[in-house]
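Everything on this sheet refers to the single structure shown next.
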Amino acid sequence: ERHLWEEGAIWPAHFLWNCHGYFKRHKRFSYQRKNHTYPKVTESMHTKNQSINIEKLSIGYELPRRSFCPDSKQLFLYNASLWNAHRIHFDHPYAKEVEGYPGLVLAGPLLGDWMHQCLEEWLGAEGRIKSIDYSNRIASYVGETLYSGGSITAIDLEKREARVNVFIKNEKDEVVSPGTAAVEFSL
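Here the sequence shown is numbered in the working numbering, starting from 2 and rising by one per residue.
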């Protein structure tokens with residue numbers, strides 16, 4: 002019995018993340034297509050056996066940064082999984098000539114997913130995300146290198162929770178997408 006996802010025809014968003022190695026908690030999948038490669042994350046954020054102790058954290062603590070350099074294949078597959086058919090994400094001539102963008106525009110939800118991944122990998126098995134809010138402020142394009150990161154703004158030891166400012170920045174160190182998150186640490 003063959004499944005469509007074995008052929009690479011259907012890839013829900015969490016499968017896309019897995020084939021890029023984004024989520025440590027999920028099983029790593031590989032794409033079964035000859036001569037096809039995916040863009041790799043250029044920095045590793047999560048080290049094996051990393052453990053976070055909320056008592057040792059302080060306000061201002063910075064989350065490990067991670068860089069991303071998406072290509073048109075990743076953008077196409079991501080938008081296909083969302084059923085996002087806006088041509089600025091996959092049709093280069095249309096994006097440039099009709100809409101006036103300098104290139105293919107990264108989908109806003111992709112940036113939010115990268116913030117989520119930044120938090121998930123930092124927390125590992127030691128915690129969970131309770132909520133995350135973000136907004137997209139500056140357009141980003143295929144070929145740019147973007148960075149995710151953040152810093153702790155508040156800690157509640159009694160509730161074992163923290164508030165974190167998260168972000169996606171571009172190569173000019175401009176905040177492309179700012180966000181805030183509430184995280185909870187396990188006992």
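Built from N, CA and C at the ideal position, the CB exists for glycine as well.
Cβ shell of residue i (< 8 angstroms), same chain only, five flanking positions each side left out
i	result
Y56	In the sequence as presented, Tyr is not what sits at residue 56; that position holds Glu. Once the five neighbours on either side are set aside, the close Cβ partners of E56 are L158.
I89	Y95, A96, E100, Y102, L105, V106
G150	E63, L64, P65, R66, R67, C119, V167, F168, K170
Close-in-space but distant-in-sequence residues of the same chain around residue i (CB under 6 angstroms, 5 per side omitted)
i	result
G113	Y135
F77	F91
N54	none
Simplified DSSP assignment, three categories, for residue i
i	result
L147	strand
S73	helix
S132	strand
Y142	strand
D157	strand
E56	helix
Beta-bridge pairing of residue i - partner residues as DSSP gives them
i	result
V167	G151, G180
S68	Y148
E122	In DSSP, E122 forms no bridge with anything.
V106	Y142
E63	S152
F186	G128
E162	D157, E185
Exposed unless 16 or more other CB atoms sit within 10 angstroms - verdict on residue i
i	result
V99	exposed
S141	buried
S59	exposed
A155	exposed
N178	For the record, residue 178 in the displayed sequence is Ser; it is not Asn. Looking at its Cβ environment, which holds 16 or more other Cβ atoms inside 10 Å, S178 is buried.
Same chain, Cβ closer than 7 angstroms to residue i, neighbours up to 5 away in sequence not counted
i	result
E172	E145, T146
P110	L83
S187	E127, G128
E175	I139
Pairwise C-alpha distance: residue j and residue i
i	j	result
N85	C119	24 angstroms
G104	Y95	9 angstroms
H93	P71	15 angstroms
G125	H87	34 angstroms
G128	Y148	22 angstroms
V143	A183	30 angstroms
S52	T181	22 angstroms
E185	R164	9 angstroms
E121	N80	22 angstroms
N137	K160	30 angstroms
K131	S73	32 angstroms
A108	E162	30 angstroms
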